[in-house]
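**Student:**
Protein chains: 2
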Amino acid sequence: MTAPDEAPLTPDQLEAALRQIGAARYHNLHPFHRRLHGGACTRVEVQAWALNRYHYQSRIPIKDATILARMDDPALRRAWRQRITDHDGEDRGGGSGGDAGAEDGGIARWLALTDALGLDRAMVTAGRGVLPATRFAVGAYVHFCAERPLLDAIASSLTELFSPQVIGERVSGMLAHYDFVDRAALTYFTRRPPQAERDAAFALDYVRRHAVTPTDQQAVMAALVFKTDVLWAQLDALWHAYVAGHPPPGAWQPTDDAKVWT
Amino acid sequence: MTAPDEAPLTPDQLEAALRQIGAARYHNLHPFHRRLHGGACTRVEVQAWALNRYHYQSRIPIKDATILARMDDPALRRAWRQRITDHDGEDRGGGSGGDAGAEDGGIARWLALTDALGLDRAMVTAGRGVLPATRFAVGAYVHFCAERPLLDAIASSLTELFSPQVIGERVSGMLAHYDFVDRAALTYFTRRPPQAERDAAFALDYVRRHAVTPTDQQAVMAALVFKTDVLWAQLDALWHAYVAGHPPPGAWQPTDDAKVWT
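If you're matching them up, the sequences are chains A and B in order. The first sequence: position 32 = 32 (UniProt numbering), numbered continuously. The second sequence: position 87 = 87 (UniProt numbering), numbered continuously.
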C-alpha cells in the first residue's frame, strides 16, 4: 500500500490497486467456493452454506440503511436507496409484514433457495443455528459501515466488482452438480449480477473521485481488504464446521429428516 | 432456557443454570485447548495462539471501560475499575506511554509470553497478522458490552467463573510439555486466578441480585452463551488456520527465523 507521505495515485492507479486486492483476496479463491461450485459439497454442506449466507444477506439492507443515514446529499441517498429496495423488494400486498408481498426482493429470493434446500423458513429467518463466526463477521461489517468514514463504508462494498463472474460460476456449477437445486431456486443469482454491476460502478466512481489523498487511498484499500476478510472468514467457518466436521456448540445440524435427502 | 411466561428461577437455580452453560460450552472443551495443554502443539501453533489471544487481552480493558462508562453507581464503578487496573497496571514511570512502567499489568505479562515465544513485540501490539476471525469475535464482544443492557454486559463476563481451573491446567501443561516456555513467561497465568475469582464472584452476585424476572434471567443466560461463542470461535479459527493449515490471506506466518526454533 502507499505510505501517506508518498504522492497520491491517479484514479486509474487506485482502481488497479483495488482490483488487485480482489484478484488476491476475493472469496472465489477459497476452497469452499471451489468445492461448492465444483459439485463436491454434500447436501448438508450446501444447506449450511445457504443458512449462514442468508444471515449475511439479511444484514445487507441494514448495513445499507446505516450508510444511507450518514449521507448528507439527497442525490447520493437516492442512488444508494436502490440497494435497499433490491434486497427488501416492493410492498405490493398491503403491508402485511415480513416477506409477504415482497417476492421480488433479494431476501425473498434467497429464502426460495433455503426453502428448496428443505430448511425450515422460521429457523432461517430467526437465524437459529447460524455459526457464531458468521454472526461475528457480519456484525463487524455492519459496525464498520456505521463507525468508519463514509468513504471507507462505500469502499467496503467494492467486493461487488468481483461478484458477477463468481455468481455465473455459481449458477452453472450448482445446476450441473446438485440435483436438489433447480433454476427456480437460484433466481437470486440470475437476477443479482446487473444490480451488482450497477452498484459496483457507482461505488467505484465515488471512490475514484473522493479518495484523492494518499491517506484516503490507503483507507479505501484497507476497507476493501477488511471486506474480503469478512467474506473469507465466513467460508473458513463453514469449512471448519461442516467439511472438517467440527461444528461449534449450538450450530445447525441436519435433522434426521434432512439426512434422508443427503 | 426459561420461557418469559414461566415463574422466575431462584438465585441458586439461576446460578446452577449459568454453571451448566459453562460445563457444556466453555472453551476448555475445545480440541485446541486439549492440544495446547497436552503438549501436542507445535511452537508455531503456540505462537499463533499467543498472538491472537493477545488481541483479545488487549481489548478487555476497552470492554471494561465501556461497561464502566454505563454505570451510574460510583460504588459499582469503583469495583469494576479494578479490572482495568489489573490489565493495564499502575503507571510507576512518569507517564512514558505504552507498556513502559506497567510491568505489573496483565497486558504487560502477556507481552512477556509473546516475547518469550520470539514474537516481534511491535507486530504483537499493532495486531499485525491477527486472524480476522479473532478480530471479529473480539469486536462482537466489545460491541455487545456497549450496546446491550448493563446486566447482560456484566453477565457476559461470567466465563471467569470457569477460568481459574483452566489456567491451572494451562500452566502445568505448558511447563511440562514445551521447553520454549518457562515459568517467567507464564506470570500472567500464575497471577490471574485470584483476580478472576474475585471478579467472577462480584459479577455472579450482581447477576443473582438483579436478574430476577424470567426475561432478565433468559437474557443473562443468553449473554453467557454469547460469550462462550466468542471464546470458542477464536479457537476454531486458530485450529483451521494453524492446525488444519488453512491460514487466511494476511494471517501471521512463521518467519524463517522462527522456523529454526520449531
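Glycine residues also receive a C-beta, built at the ideal position from the N, C-alpha and C atoms. Here the structure is a predicted model, which is why all the values come from computation and not from measurement.
With C-beta atoms as the reference, is B/D88 less than 7 Å away from B/Q195?
**Tutor:** no
**Student:** Can you give me, in chain order, the residues of the region 134-167 of chain A that have a beta carbon less than 8 Å from any beta carbon in chain B?
**Tutor:** For the region 134-167 of chain A, the set of positions with a beta-carbon nearer than 8 Å to some beta-carbon of chain B reads R135, F136, A137, G139, A140 and H143 in chain order.
**Student:** Note down, in chain order, each residue of its chain lying with its Cβ closer than 7 Å to the Cβ of B/E15, except the 5 sequence neighbours on either side.
**Tutor:** L204 and R208
**Student:** What is the DSSP secondary structure of A/H37, counted as helix, strand or coil?
**Tutor:** helix
**Student:** Can at least three beta-carbon pairs, one atom from the region 153-166 of chain B and one from the region 45-58 of chain B, be found at a separation below 8 Å?
**Tutor:** Short answer: they don't touch.
**Student:** In terms of residue numbering, what span does the alpha helix (DSSP H) encompassing B/N52 cover?
**Tutor:** R43 to L68
**Student:** Return the chain-ordered ranges of every beta strand (DSSP E) run that is complete within the region 77-147 of chain A and spans a minimum of 3 residues.
**Tutor:** none
**Student:** Using only the heavy atoms of the ligand NAP, determine whether one of them is closer than 6 Å to the beta carbon of A/L175.
**Tutor:** As far as ligands go, the structure on display features none, and thus does not contain the ligand NAP.
**Student:** Note down, in chain order, all residues in the region 63-80 of chain B with a beta-carbon under 9 Å from any beta-carbon belonging to chain A.
**Tutor:** none
**Student:** Distance, Cα to Cα, A/A244 vs B/D91?
**Tutor:** 47 Å
**Student:** Which same chain residues, not among the five before or five after residue 263 of chain A, have their C-beta less than 8 Å away from its C-beta?
**Tutor:** Limits of chain A in this structure are 1 at one end and 262 at the other, which puts residue 263 of chain A out of reach.
**Student:** Are the beta-carbon atoms of B/P248 and A/W232 separated by less than 7 Å?
**Tutor:** Yes, Cβ-Cβ distance for B/P248 and A/W232 is below 7 Å.
**Student:** So the alpha helix (DSSP H) A/Q218 belongs to, where does it begin and stop?
**Tutor:** Per DSSP, A/Q218 belongs to the alpha helix (DSSP H) from P214 to L238.
**Student:** When the distance is taken between beta carbons, is A/A223 closer than 7 Å to A/A155?
**Tutor:** yes
**Student:** When you compare each of B/P254, B/V225, B/H210 and B/C145 to B/L68 by their alpha carbons, which one comes out closest?
**Tutor:** Considering only alpha carbons, the answer is B/C145.
**Student:** Just how far apart, CA to CA, sit B/Y141 and B/L131?
**Tutor:** 16 Å
**Student:** Please tell me whether B/W232 has its Cβ less than 7 Å away from any Cβ of chain A.
**Tutor:** For B/W232, at least one C-beta of chain A is nearer than 7 Å to its own C-beta.
**Student:** Write down the C-beta distance between B/Y188 and B/R109 rounded to the nearest angstrom, noting that I regard them as a contact closer than 8 Å.
**Tutor:** Rounded, the Cβ-Cβ distance is 4 Å, consistent with contact.
**Student:** According to the Cβ coordinates, are B/H27 and B/L161 closer than 7 Å?
**Tutor:** Cβ atoms of B/H27 and B/L161: not closer than 7 Å.
**Student:** Assuming contact is defined by CB atoms lying nearer than 7 Å, are A/T228 and A/R25 in contact in what I supplied?
**Tutor:** In this structure, A/R25 lies closer than 7 Å to A/T228 by Cβ.
**Student:** Hey, would you say B/P8 sits closer than 7 Å to B/V225, going by beta carbons?
**Tutor:** no
**Student:** I'd like the span of the alpha helix (DSSP H) that includes A/F202, first residue to last.
**Tutor:** Counting along the chain, the alpha helix (DSSP H) containing A/F202 begins and ends at T187 to H210.
**Student:** Could you give the distance in angstroms between the alpha-carbon of B/P11 and the alpha-carbon of B/L150?
**Tutor:** Straight-line Cα distance between these residues: approximately 18 Å.
**Student:** For the region 244-256 of chain A, list every residue whose C-beta sits within 9 Å of some C-beta in chain D, in sequence order.
**Tutor:** Any reference to chain D falls outside this structure, whose protein chains are A and B.
**Student:** Could you name the residues of the region 45-61 of chain B whose beta carbon sits closer than 7 Å to any beta carbon of chain A, in the order they occur along the chain?
**Tutor:** none
**Student:** If distances are taken between C-alpha atoms only, which option among B/D152, B/A79 and B/E147 comes closest to B/R198?
**Tutor:** B/A79
**Student:** Would you please verify whether the beta carbon of A/H240 is less than 7 Å from any beta carbon of chain B?
**Tutor:** Closer than 7 Å to some Cβ of chain B, the Cβ of A/H240 qualifies, so yes.
**Student:** Alpha helix (DSSP H) containing B/G173: first to last residue?
**Tutor:** S163 to H177
**Student:** The alpha helix (DSSP H) that contains B/Q20, what's its start and end?
**Tutor:** P11 to R25
**Student:** Which first and last residues belong to the alpha helix (DSSP H) in which B/A153 is found?
**Tutor:** L150 to A155
**Student:** For A/D152, which option in A/Q13, A/T114 and A/L18 has the closest C-alpha, if you only look at C-alpha atoms?
**Tutor:** It is A/L18 whose Cα lies nearest to the Cα of A/D152.
**Student:** Would B/R25 count as contacting chain A if we go by Cβ distances under 7 Å?
**Tutor:** yes
**Student:** Please report how far the alpha carbon of A/P61 lies from the alpha carbon of A/R192, in whole angstroms.
**Tutor:** 14 Å
**Student:** Mark A/G139 as exposed unless 16 or more other C-beta atoms lie within 10 angstroms of its C-beta, in which case mark it buried.
**Tutor:** Of the residues assessed, A/G139 falls on the buried side of the cut-off, its CB having 16 or more other CB atoms within 10 angstroms.
**Student:** Residues of chain A with CB closer than 8 Å to the CB of B/A108, please, in chain order.
**Tutor:** Within chain A, no residue comes near B/A108; the closest Cβ sits about 28 Å away, beyond 8 Å.
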